[in-house]
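Undergrad: Would you mind keeping the following structure in view while I ask a few things?
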Amino acid sequence: MEFLRPESLGEALAARAAHPEAVPLAGGTDVMVELNFARRRPAALLDLTRVGELTGWHADGGTVRVGAGVTYAELTGERASGGQTALGRLLPGLAMAARTVGSPQIRNRGTIGGNLGSASPAGDCHPVLLASGASVEAASVRGRRQVPIDDFFTGVKRNALAPDELITAVLVPAPGGPEQFAKIGTRNAMVIAVAAFAIVLDPVRRRVGTGIGSAAPTPVRAVAAERLLAGALAGDGLWESRGPLPEQVVTEFGQAVSAAASPIDDVRGTAGYRKQALAVLASRTLGWAWRDYRAAGQQAGRG
Amino acid sequence: MRITATVNGTTHQADDVWPGESLLFVLRERMGLPGSKNACEQGECGSCTVYLDGVPVCACLVAAGQADGRQIVTVEGLAAGGALHPVQQAFIDAGAVQCGFCTPGLLVAAHDLLARDPSPSEADVREALAGNLCRCTGYEKILDAVRLAAARLAAGPGGDGA
C-alpha cells in the first residue's frame, strides 16, 4: 500500500488526480476503523494532515469559511488553537452538533471535511449544514467549485465529489438568528445518531431551515415543514412580534418533519421509533430556537 | 516505510512499517512501549489514548505514516524516571485500578484534563473521561482518583491535598 503525504494543496490535488484509487485520510476516525478490521485494503492512502491550506477558518462578510481539516474540537471551541474560540460562538448550531460527536479523543481528530467525505446518513454535521444552506467547496487540478449542500449527498455514504476532487472547505452562511440541534442515542458519548434534527431560523431573510439525520438514505431537509413554519411565522406577524408560538404550529411542524423522513429498521432503532422521535425533536428544537429568538429580542429591547 | 517520531522525549525509529497499520501497533509492537492498550481498535474504548502533538487521541485511529515526525507521549512518559505522576499515584490510592487494562488511557485523559483545568467541575470530569471505557470499577473510584489528583496538584509539591 502506498502512503501519499502531500505538504501543500497543490501537491494533494496532483496526488489525487494521479491516484484516484487512493483513500483520503484526515482524522482517521472512519478510515482507520475499516483498515483495522480489514474491511478495506486501498491501494493507497492520501494523508491530508500535513496540508496547511485545509486548516483554519475565517469569516468573510456573511459567510464563514471552515477549512475541511477543522476538527470537531475546534468547532466546539473545547480545544481551539490560536485564539480561535470564536468559531463555536460564530456557528452555534455546528458547535452543538460537533459536541455530540464521539468523545474528546474523537473530536480532537475527526474533521468536518471527513464527515462530509464519509457522507454517512448519520453524520452529525450534516443536519446543521442542510438547515443553514451551506456549500461544500471541492477542488481538483481542474479547478475549484462550490456544491450546494442540497446536491452534495447522493446516496448512502455517497457524495457528489468527482474521483479527482478533494473537499477543501465548507462555506456556511453566518447565522442571523437562532440555531438548534438535537440527537437521540443510547448515551451522551460515543453514539451514532438514532435520529438527529437541526433547525435554523433566519429572521432577516424570513427563512426556516431544517436538516434530518439518520432517518433516510441521506441526510435530508424537511422542505414542507420549512414552508409550513415560515408561512405561520409570516402570517401571524410572529417574526416582528416575537410572540409565543401557537401550540398547533409547533405540533404540525413536528408532524411535517416526521413525514419528510424515510427511515428503516436497523440495529439502532426501528423506523417507527425514528418517525416518532423526529416529531418530538423537531417540536422541541423549534421551542428552544423560538425561546432564544424571543430572549434576543428582549435583550435588544433593553439595550 | 520508515517511521521516526519523538516518543516520550526520545527519538524512536521503526523500519518496514506497513503504512496502514496504526500508531498503536507501532508503539506496542515495534517500539517496545506496551503501556497503551489495544482493545477495540475503533476508537470506542480509549484504552490506547496517547498525546499526539500535545492532544489526546486514540492511537488506534492514527495511521503510522501520520505519526512520522510527530511528538508522542504515552502513559510511560507521564512522569520521568521510575516516578509516578500525581494522577497515577491518585489512581492507586483511590483504588481506581482493578484489571488495569483501561488505566493507561484513563491516566492520559485525566492528565490532559487537569493540565487544562486544575479544578474541573463534576460534569467536566465526566465529559473528559467519556471516551474511556472501564468494565471493572463502575467509574466511581476513577472519579474519586481524578478529584484526589486535582486536590493534590492544587496543594502543590509536598502537599497532601487534605
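So the protein sequences, as listed, match chains A and B. End of the first sequence = 303 in our numbering, gap-free, step of one. End of the second sequence = 1162 in our numbering, gap-free, step of one. For glycine and all other residues, C-beta sits at the position ideal for the given N, C-alpha and C.
So A26 of chain A and L48 of chain A are in contact, right, with Cβ under 8 Å, and what is the actual spacing, rounded?
TA: At roughly 5 Å, the Cβ-Cβ gap stays under 8 Å, so A26 of chain A and L48 of chain A are in contact.
Undergrad: Short of 9 Å Cβ to Cβ, which residues in the stretch 189-215 of chain A face chain B?
TA: So the list reads A189 and M190, given in the order they occur along the chain.
Undergrad: Of the residues B:A1123, B:M1001, B:A1080 and B:V1062, which one's Cα is nearest the Cα of G1043 of chain B?
TA: Nearest of B:A1123, B:M1001, B:A1080 and B:V1062 to G1043 of chain B, Cα basis: B:V1062.
Undergrad: Which residues mark the beginning and the end of the beta strand (DSSP E) in which H19 of chain A is found?
TA: H19 of chain A -> no beta strand (DSSP E), and no H or E assigned at all.
Undergrad: Residues of chain A with CB closer than 7 Å to the CB of Q1042 of chain B, please, in chain order.
TA: Result: V33 and N36.
Undergrad: Taking contact to mean at least 3 C-beta pairs separated by less than 8 Å, is the stretch 185-204 of chain A in contact with the stretch 1001-1009 of chain B?
TA: With the cut-off at 8 Å, the stretch 185-204 of chain A and the stretch 1001-1009 of chain B do not touch.
Undergrad: Which residue wins for smallest C-alpha separation from V250 of chain A, given the options A:A86, A:A300, A:S262 and A:A232?
TA: Among A:A86, A:A300, A:S262 and A:A232, the Cα nearest to that of V250 of chain A belongs to A:A232.
Undergrad: Within the continuous alpha helix (DSSP H) that includes Y1051 of chain B, where are the two ends?
TA: Careful: Y1051 of chain B lies outside any alpha helix (DSSP H), inside the beta strand (DSSP E) at T1049 to L1052.
Undergrad: Which residues in the same chain as V220 of chain A place their Cβ atom closer than 6 Å to its Cβ, once the five residues preceding and following it in sequence are excluded?
TA: Counting only Cβ-Cβ distances below 6 Å, and skipping sequence neighbours, we find I212.
Undergrad: Compute the Euclidean distance between the alpha carbons of D1144 of chain B and D164 of chain A, then round it to the nearest angstrom.
TA: One C-alpha to the other measures close to 52 Å.
Undergrad: Run down chain A in chain order and give the residues with a C-beta less than 9 Å from the C-beta of S1022 of chain B.
TA: Going along chain A in sequence order, the residues near S1022 of chain B (Cβ under 9 Å) are G28, M32, L35 and N36.
Undergrad: Is H1012 of chain B helix, strand or coil when you go by DSSP?
TA: Strand.
Undergrad: Would you call T186 of chain A buried or exposed, if buried means 16 or more other Cβ atoms sit within 10 Å of its Cβ?
TA: Looking at its Cβ environment, which holds fewer than 16 other Cβ atoms inside 10 Å, T186 of chain A is exposed.
Undergrad: Anything in chain A within Cβ reach of V1073 of chain B, meaning under 9 Å, just list it in chain order.
TA: Within chain A, no residue comes near V1073 of chain B; the closest Cβ sits about 14 Å away, beyond 9 Å.
Undergrad: Spatial neighbours of V141 of chain A within its chain, please: C-beta separation below 7 Å, excluding the five flanking residues on both sides.
TA: So the qualifying residues of the chain are L13, A14, A17 and D164.
Undergrad: Could you say which of A:Q180, A:F37 and A:M1 lies nearest to G287 of chain A if we only look at CA atoms?
TA: When only C-alpha atoms are compared, the closest one is A:Q180.
Undergrad: So, does the CB of D47 of chain A fall closer than 8 Å to a CB anywhere in chain B?
TA: Taking Cβ atoms only, chain B reaches closer than 8 Å to D47 of chain A, which makes this a yes.
Undergrad: Contact between the stretch 141-156 of chain A and the stretch 58-72 of chain A is defined here as three or more beta-carbon pairs at a separation below 8 Å; is this criterion met?
TA: With the cut-off at 8 Å, the stretch 141-156 of chain A and the stretch 58-72 of chain A do not touch.
Undergrad: What number of angstroms, rounded off, separates the C-alpha of L1077 of chain B from the C-alpha of L1033 of chain B?
TA: In the sequence as displayed, the identity of residue 1077 of chain B is Gly instead of Leu. Roughly 10 Å separates the two Cα atoms.
Undergrad: Against S103 of chain A, what residues of chain B qualify as contacts under a CB-to-CB distance less than 7 Å, listed in chain order?
TA: What S103 of chain A touches in chain B: G1046, A1130 and G1131.
Undergrad: Leaving out the 5 sequence neighbours to the left and right, which residues in its chain are closer than 6 Å to K183 of chain A when beta-carbon positions are compared?
TA: For K183 of chain A, where only same-chain residues beyond five positions count, the Cβ hits under 6 Å are T100, A193 and A196.
Undergrad: Where G1009 of chain B and T1049 of chain B are concerned, what is the direct C-alpha to C-alpha distance, given to the nearest angstrom?
TA: Each residue's alpha carbon lies about 17 Å from the other.
Undergrad: Please classify S103 of chain A as buried or exposed, where buried requires at least 16 neighbouring CB atoms within 10 angstroms.
TA: The residue is buried, with at least 16 neighbouring Cβ atoms inside 10 Å.
Undergrad: Answer yes or no: does any C-beta atom of chain B fall closer than 8 Å to that of F3 of chain A?
TA: Chain B, which has a Cβ nearer than 8 Å to the Cβ of F3 of chain A, makes this yes.
Undergrad: With DSSP collapsed to three states, give me the class of T100 of chain A.
TA: DSSP places T100 of chain A in coil when its eight states are reduced to three.
Undergrad: Between N108 of chain A and chain B, is there a C-beta pair that is closer than 8 Å?
TA: So yes, N108 of chain A belongs to the interface.
Undergrad: Identify whether G82 of chain A lies in helix, strand or coil by the three-state DSSP scheme.
TA: Low per-residue confidence applies at G82 of chain A: pLDDT is 47, beneath 50, and the placement is therefore not dependable enough to give any value.
Undergrad: Measuring CB to CB, does P24 of chain A end up less than 8 Å from L46 of chain A?
TA: Contact: yes.
Undergrad: Could you confirm whether any beta carbon from chain B is found closer than 8 Å to the beta carbon of L9 of chain A?
TA: No, L9 of chain A lies away from the interface with chain B (no Cβ there is under 8 Å from its Cβ).
Undergrad: Under three-state DSSP, which class holds Q1098 of chain B?
TA: The answer is coil: DSSP assigns Q1098 of chain B none of H, G, I, E or B.
Undergrad: Count the other CB atoms, across all protein chains shown, that sit within 10 Å of the CB of C1099 of chain B; report buried if there are 16 or more and exposed otherwise.
TA: Looking at its Cβ environment, which holds fewer than 16 other Cβ atoms inside 10 Å, C1099 of chain B is exposed.
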